[in-house]
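Everything on this sheet refers to the single structure shown next.
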Amino acid sequence: MLALAYAGLGFAQDAAVMPTKSRSVLDTGSKQHPISLQILAGSQGLGADVRYGVTPKLGLRFGGATSTAVKVNDAIKFSGFDASNTLNAELSNVHLFADYAPFKTNAIRVVAGLGYLFKAGGALEFSPTGSYKYGDLTLTPAEVGQLNIDLSWKGVAPYLGLGLFKSVPKRLFNINLDLGTYFLKAPESTVVGTKLLSENQQMETQLEKNMESYRFLPVIQLNFNFKIK
417 MLALAYAGLG FAQDAAVMPT KSRSVLDTGS KQHPISLQIL AGSQGLGADV
467 RYGVTPKLGL RFGGATSTAV KVNDAIKFSG FDASNTLNAE LSNVHLFADY
517 APFKTNAIRV VAGLGYLFKA GGALEFSPTG SYKYGDLTLT PAEVGQLNID
567 LSWKGVAPYL GLGLFKSVPK RLFNINLDLG TYFLKAPEST VVGTKLLSEN
617 QQMETQLEKN MESYRFLPVI QLNFNFKIK
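With the numbering used here applied, the sequence shown covers 417 to 645.
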């Protein structure tokens, strides 16, 4: 009887420390596929991403960012044309990125993906400030009219960059950095004038040609990461 009691006690001790299969699988999955929330701030504005770890080296990020409208007075100067001008620019996007860490420390990541820029451009409004000679007539600014120019890079844009520092917090929180660029589509322009400036639609083709080399949108972004799982 005593021998049976000791045997039963030994079996109970072994059973107490043996992990269940479901718990073991759950713990492994949590480590292999971490999920984190990323709050971002930088050149593309403020935003948030959700990151999913596919493997210890590869992760996916889905999110978006938006910037408040930026207003700049007298952003452009023209010789021989006295006018005040106001530039309004804004940027908003959603994106899907893949992070790959090629080195053992995972401190440097290659980042590639796509963004959809649903707001990407600026509006420029010109208002004459001086009087103008038109033949024998002297015209006031109100008689000359206004000129409004819109430029848009709206559309799908590939992204390529580098990430510095680990993308997933080891415990609950960390900070990392993204440096990269979007490759924008060719811009589209709209030129609308009033009164004597109403016949300026032909400027659109030349303006788009002049701006076609502006196809890169640099990204400098600080990320605040909170581990969810």
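For each residue, glycine too, the CB sits at the ideal point set by N, CA and C. As the structure is a prediction and not an experimental result, all values here were calculated from the model.
For residue i: DSSP bridge partner residues
i	result
ALA536	LEU507
ALA481	GLY463, ASN509
THR606	ASP566
ASN616	For ASN616, which the question treats as bridged, DSSP gives no partner whatsoever.
ASP594	GLY579, GLN637
PHE519	Answer is none; PHE519 lacks a bridge partner.
GLN454	ASP465, ASN641
TYR371	There is no way to answer for residue 371, as the model of the chain reaches only from 417 to 645.
Distance between residue j and residue i (C-alpha atoms, nearest Å)
i	j	result
PRO574	GLN622	26 Å
LEU530	GLY480	11 Å
PHE534	LYS611	32 Å
LYS549	ALA485	36 Å
THR502	GLY609	15 Å
ASN641	TYR532	23 Å
ILE544	LEU555	Correcting the residue identity first, residue 544 is Pro in this sequence and not Ile. C-alpha separation (whole angstroms): 10 Å.
GLY475	MET619	46 Å
GLY469	PHE478	12 Å
PRO634	ASN522	23 Å
ALA423	ARG587	In this predicted model, ALA423 has a pLDDT of only 44, less than 50, meaning its place in the structure is not dependable; the value taken from the coordinates is given anyway. Straight-line Cα distance between these residues: approximately 42 Å.
LYS493	GLY561	18 Å
GLY538	VAL466	29 Å
SER500	LEU540	10 Å
SER614	LYS625	21 Å
GLY596	GLY458	12 Å
Beta-carbon proximity check, residue i vs residue j, cutoff 8 Å
i	j	result
ILE591	SER452	no
LEU567	SER605	yes
LEU580	LEU563	no
ILE636	LEU578	no
Residue environment, residue i, which counts as buried when at least 16 other CB atoms sit within 10 Å
i	result
ARG439	Note that ARG439 scores 44 on pLDDT, short of 50, meaning its location in the model is unreliable; the coordinates nonetheless yield the value given after this. It counts as exposed.
GLY551	exposed
ALA517	buried
ASN489	exposed
PRO450	buried
ALA558	exposed
ASN639	buried
ASN509	buried
GLN460	buried
VAL572	exposed
ALA528	exposed
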